[in-house]
Amino acid sequence: MSGKTHYTNVLKFWRAIEIFDLPDLPVQKQNDQKIFTELLPGDDLPWENGEFHNSDGKQWKHTLYFFCTPKQSVIDLLTQLSPFTSDLTPEPLINNTCLAALVLDSNGLPSERTYVRASFAFGLKILKDGGNFEKLSDLLNKAQSDYLLRFQVKAMQENDLNSEEDIYEEDNEDNYYDDDDCHEEEISNNSMISWIELEKELNDLEQLVNEQLPMELPILCVSEEVSEQTTLEAPFLNSFYRDDLNHLIGNPKNLGAPLSTYLTRNIDTNQRFNLLNKVLMFECINPKFQTPGRWPSNPEYGLYSAQQAALHYSIPILQNQDGLIGINGPPGTGKTTLLREIIVDVIVSRAKKLLSTNIHNLFSAKRIEVAEYIGYYEPDPFVFGNNGILVASNNNTAVENISKELPLLKNIDADIFSDADYFSQIAQNLNPRETCWGLLSSVLGNSKNRGNFINAFWFNKGNGFNAYLKDQKDLPTHKKHIEHYEQVADELKIMLGEYEEFKALASEYHNTLQNLIFENKNAQKLVKKYEKLSVVLKEKYNIPTANLPNRLFSYLSMEDIHKLTPYSSEKINKLRSNIFLKSLELHESVINVNARFFNSNLNAFVNMLQGNQTALITEDIAAILWNTFFFCIPLISTTLASIQRLFNKTRKGGIGWLLLDEAGQATPQSACGAIWRSKRCIIIGDTLQIPPIVTIPEGLEKMLQEKYKIDDNCWLPSSHSAQFLADRVTPIGTYVQTNDKEVWTGIPLRAHRRCNEPMFTISNRIAYNEQMVKVVPDVQTNILKSCWVDVQGVLLETGNVLREEIDMLKTMVGEFSNAGHGKGIYVISPFRSVADYCKDEFNTKIYKGNIECGTIHTFQGKESDIVFLVLGSHPKNNGARQWASAIPNMLNVAVTRAKKRLYVIGNRQLWSSCNYYDLLAKMIPTIKYDEHKLFK
Numbered sequence: 001m002s003g004k005t006h007y008t009n010v011l012k013f014w015r016a017i018e019i020f021d022l023p024d025l026p027v028q029k030q031n032d033q034k035i036f037t038e039l040l041p042g043d044d045l046p047w048e049n050g051e052f053h054n055s056d057g058k059q060w061k062h063t064l065y066f067f068c069t070p071k072q073s074v075i076d077l078l079t080q081l082s083p084f085t086s087d088l089t090p091e092p093l094i095n096n097t098c099l100a101a102l103v104l105d106s107n108g109l110p111s112e113r114t115y116v117r118a119s120f121a122f123g124l125k126i127l128k129d130g131g132n133f134e135k136l137s138d139l140l141n142k143a144q145s146d147y148l149l150r151f152q153v154k155a156m157q158e159n160d161l162n163s164e165e166d167i168y169e170e171d172n173e174d175n176y177y178d179d180d181d182c183h184e185e186e187i188s189n190n191s192m193i194s195w196i197e198l199e200k201e202l203n204d205l206e207q208l209v210n211e212q213l214p215m216e217l218p219i220l221c222v223s224e225e226v227s228e229q230t231t232l233e234a235p236f237l238n239s240f241y242r243d244d245l246n247h248l249i250g251n252p253k254n255l256g257a258p259l260s261t262y263l264t265r266n267i268d269t270n271q272r273f274n275l276l277n278k279v280l281m282f283e284c285i286n287p288k289f290q291t292p293g294r295w296p297s298n299p300e301y302g303l304y305s306a307q308q309a310a311l312h313y314s315i316p317i318l319q320n321q322d323g324l325i326g327i328n329g330p331p332g333t334g335k336t337t338l339l340r341e342i343i344v345d346v347i348v349s350r351a352k353k354l355l356s357t358n359i360h361n362l363f364s365a366k367r368i369e370v371a372e373y374i375g376y377y378e379p380d381p382f383v384f385g386n387n388g389i390l391v392a393s394n395n396n397t398a399v400e401n402i403s404k405e406l407p408l409l410k411n412i413d414a415d416i417f418s419d420a421d422y423f424s425q426i427a428q429n430l431n432p433r434e435t436c437w438g439l440l441s442s443v444l445g446n447s448k449n450r451g452n453f454i455n456a457f458w459f460n461k462g463n464g465f466n467a468y469l470k471d472q473k474d475l476p477t478h479k480k481h482i483e484h485y486e487q488v489a490d491e492l493k494i495m496l497g498e499y500e501e502f503k504a505l506a507s508e509y510h511n512t513l514q515n516l517i518f519e520n521k522n523a524q525k526l527v528k529k530y531e532k533l534s535v536v537l538k539e540k541y542n543i544p545t546a547n548l549p550n551r552l553f554s555y556l557s558m559e560d561i562h563k564l565t566p567y568s569s570e571k572i573n574k575l576r577s578n579i580f581l582k583s584l585e586l587h588e589s590v591i592n593v594n595a596r597f598f599n600s601n602l603n604a605f606v607n608m609l610q611g612n613q614t615a616l617i618t619e620d621i622a623a624i625l626w627n628t629f630f631f632c633i634p635l636i637s638t639t640l641a642s643i644q645r646l647f648n649k650t651r652k653g654g655i656g657w658l659l660l661d662e663a664g665q666a667t668p669q670s671a672c673g674a675i676w677r678s679k680r681c682i683i684i685g686d687t688l689q690i691p692p693i694v695t696i697p698e699g700l701e702k703m704l705q706e707k708y709k710i711d712d713n714c715w716l717p718s719s720h721s722a723q724f725l726a727d728r729v730t731p732i733g734t735y736v737q738t739n740d741k742e743v744w745t746g747i748p749l750r751a752h753r754r755c756n757e758p759m760f761t762i763s764n765r766i767a768y769n770e771q772m773v774k775v776v777p778d779v780q781t782n783i784l785k786s787c788w789v790d791v792q793g794v795l796l797e798t799g800n801v802l803r804e805e806i807d808m809l810k811t812m813v814g815e816f817s818n819a820g821h822g823k824g825i826y827v828i829s830p831f832r833s834v835a836d837y838c839k840d841e842f843n844t845k846i847y848k849g850n851i852e853c854g855t856i857h858t859f860q861g862k863e864s865d866i867v868f869l870v871l872g873s874h875p876k877n878n879g880a881r882q883w884a885s886a887i888p889n890m891l892n893v894a895v896t897r898a899k900k901r902l903y904v905i906g907n908r909q910l911w912s913s914c915n916y917y918d919l920l921a922k923m924i925p926t927i928k929y930d931e932h933k934l935f936k
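Residue numbers for the sequence shown follow the UniProt record's numbering, so the first one is 1 and each next one is one higher.
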């Protein structure tokens, strides 16, 4: 099979999987202002009774969800239609889904873009009829055109592209952003929708699925009040990744280096380099690879050996060529620290370019007009080349946390670096509840996030960036900015010179030591040189003896090596952090000097982000606008689901850096669009934590695997993640033993700082071959030590919920609360039915906000002092326990959420016979149902 055919087959296989991504039917939440109405044929329709009147600046919209059916019914039908079976018993899905959706305005009128049909409905028909999945797009398009006829909807007409109503002028400070969609006028039919049209739709859907699915509710209507500026569109029922996959399938020769690497078919395992090899590890901590900048955290602490190895390997390689690298980051090993250091290097690298550039010639002299009031200046590609940083994840909370934390004063050492400031007042607009020091990041992605960002960043009346840039344009201010730039540039050059002097000395020392330890060259002469350099490094740069590798390095255990912070000293760390801060100051000075150009380009960028004049913004223009924005704000975050819309005008390699976080939770196909659009990809996560959530039945996945000639299980989304594929093609890493087989991981982070014992050892043994190293002592607490509360329940409530376990949980949590330890408790279960039951039990005023309940998936990336693991499952349901213990990932995540204490509630005899839970039972003591004593 050729490489092109392999790429296409894998992408088509993933696209077929995405067809069966079942949309969630909305569920009303507490304090939800939306109005939910269940509609049966003949019921009064909400828009007919005159209750929904539009108010000033607001409009009502009604979203109709047709043919509501249980998700599990769809899964059962898919299982019946596939020839393969499974021995495992996954927990039944409890949510509902639908076959189609339609949005109406307050008068019950539809329009062209307000209807969508779920792809899985056609997928079911294709499966049953033995049809071709390649025709799915045609079927969806036909459903759309049939809808226009069925509901007599007139086609949409675009308004005049130069209409002043749609332009956000540079000089209009009062202009606020309400929605990101294009302002287009839609002409609807003149009659409101009635049951005649609705029943036709229901009948059509019933025929489509051949009456094989139960219709639990004909129509769910969700009514909500939105801004009158909001363009009504259909909700997403189908895959967020289908359009990108379609594009890639159609262009297999234009995938680019990172995505081609990601999709590599055959791996030469003989070309892998194992970091358990001390010679290799020694080379990876060589200071010649160290970057000049450092995050301004406490300078007493440096990066551990594995963190240095990850940075020293990935940054030099990706600076010189497009590519993709996987970094394996188990819980508590400093993934966020690593991401910060990558951001620092991007800033410092660009600052060094600025020092060699005439900053008065950064932009073209002539402004290029896009539309009335919208234009841009071409920037110097040497400086503005795509170096923007995109942090993405399937976990919305994870990516938002990174973006929101970077600007916060509490995340730097404000005492040591008291002068740290980079447009802090603008950053404060974006984070009004926290004290900020720097405008480093923004949360984009969905339309709500984009709108919030634009209003706070650009249009803020008192302190928006638009107004700020205009204030820098007068001549006296401009002259001051030029003088300040020259001063900052001189200071930065001096700092960089001091650092390069240290780096040269440290590199010479390291190379000398390497020759002594591993090559035994000219021993006597080398020893003298080694000793002399050692003295200089200690005396001139104050490097502690413990942080300076020595001749005994080869005799150290890997545990001791991972505890090292090589070449770290308070003096050097301060210098490197100040280089970063001075580089930011240089950026700020350049922006001030060139305020007119930045103002014009950012105004065009804001219009692009809003969706204005999109027909006139080409890929080349979009690249210029994004690069201008990234010069000012180096990092944005978004979910993978939002990337296609956010970067719809961005071509292959148009994003400088992709940092894909929590990639162990990302399906392989969900990362394709982000990887394709990026030059340099660092995929960071852990294949031994929670795998991606894939609801497609195992049998159907196997059938599609055969159909598309997928000969390796590594491409299966049900069992392998984006992280696995990135690790697979990363030549430097290590092996871990799991499920009686060796798994190759990317560059491993191993210094663990989160969990007390026994949680650390449990995780280390079941998932990491005891390769992790605990580098901080246990945090002491006076509450009951971690234990297994042996509850042999038999009273089944629902799903996998046992009454006796819930009673035990409530008793213990109650005693914790009475003793003042009731805040921030996590209650975790492998089973959704148990997690949801616990949510209901603790949904009271007493516990509100203090107890968080959920499945193991819910808590990925989170941590708490106290965690309860409620196991569930009836004694006779062995299949459920086998499913929950099939791989170490689920238990690994549950255990590593707990920083201080873990309490397991469940039947010890039954669960200790399951994979990995046998070790759990050995590692923590057992107490009986009535023996617990929570406090010493």
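Cβ atoms here follow ideal geometry from the backbone N, Cα and C, with glycine treated the same way. Note that this is a predicted model, so its numbers are computed, not measured.
Among the options, nearest to residue i - alpha-carbon criterion
{"i": "Phe122", "options": "Gln80, Asn238 and Ile219", "result": "Asn238"}
{"i": "Asn96", "options": "Pro316, Asp24 and Leu127", "result": "Asp24"}
{"i": "Trp744", "options": "Thr477, Pro731 and Ile402", "result": "Pro731"}
{"i": "Leu440", "options": "Ile572, Arg113 and Leu581", "result": "Leu581"}
{"i": "Leu318", "options": "Arg294, Phe36, Phe363 and Gly656", "result": "Gly656"}
{"i": "Pro46", "options": "Gly108, Asp56 and Lys58", "result": "Gly108"}
{"i": "Glu199", "options": "Asn627, Glu757 and Ala100", "result": "Ala100"}
{"i": "Ile927", "options": "Leu220, Tyr916, Val773 and Gln909", "result": "Gln909"}
Where the alpha helix (DSSP H) through residue i begins and ends
{"i": "residue 947", "result": "Examination of residue 947 is not possible in this model, given that the chain is present from 1 through 936 alone."}
{"i": "Cys284", "result": "Lys278 to Cys284"}
{"i": "Phe630", "result": "Glu619 to Cys632"}
{"i": "Leu339", "result": "Lys335 to Leu355"}
{"i": "Trp883", "result": "Asn878 to Ala884"}
{"i": "Ile762", "result": "Met759 to Ala767"}
{"i": "Arg908", "result": "Arg908 to Trp911"}
{"i": "Leu140", "result": "Leu136 to Arg150"}
{"i": "Tyr917", "result": "Tyr917 to Met923"}
{"i": "Gln212", "result": "Here Gln212 belongs to no alpha helix (DSSP H), and DSSP marks it neither H nor E."}
Buried versus exposed, by CB contacts within 10 Å (16 or more), residue i
{"i": "Leu339", "result": "buried"}
{"i": "Arg551", "result": "exposed"}
{"i": "Arg15", "result": "buried"}
{"i": "Pro717", "result": "buried"}
{"i": "Ile17", "result": "buried"}
{"i": "Gly820", "result": "exposed"}
{"i": "Gln860", "result": "buried"}
{"i": "Thr618", "result": "exposed"}
{"i": "Phe36", "result": "exposed"}
{"i": "Lys461", "result": "exposed"}
{"i": "Gln780", "result": "exposed"}
{"i": "Ser786", "result": "buried"}
{"i": "His510", "result": "buried"}
Residue range of the unbroken beta strand (DSSP E) whose run includes residue i
{"i": "Pro258", "result": "That residue, Pro258, is in no beta strand (DSSP E); its alpha helix (DSSP H) goes Gly256 to Tyr262."}
{"i": "Asp105", "result": "Ala100 to Asp105"}
{"i": "Lys709", "result": "Taken as a continuous stretch (DSSP letters only), Lys709 belongs to no beta strand (DSSP E), as it is neither H nor E."}
Is the region 680-699 in contact with the region 51-62, if contact means three or more CB pairs nearer than 8 angstroms?
no
Please give the ranges of any beta strand (DSSP E) in the region 655-701, keeping only runs that are unbroken, at least 3 residues long and fully inside the region.
655-660 and 678-685
Start-end ranges of the beta strand (DSSP E) lying completely within the region 18-92, minimum 3 residues:
35-39 and 58-70
Within the chosen definition, does the region 41-52 reach the region 701-711 through at least 3 CB pairs nearer than 8 angstroms?
no
Residue ranges of each alpha helix (DSSP H) run of no fewer than 4 residues wholly in the region 503-583, ordered along the chain?
523-541 and 558-563
Take every Cβ of the region 587-606, pair it with every Cβ of the region 477-486, and state whether three or more of those distances are shorter than 8 angstroms.
yes
Are the region 873-891 and the region 791-810 touching, with three or more C-beta to C-beta distances below 8 angstroms?
yes
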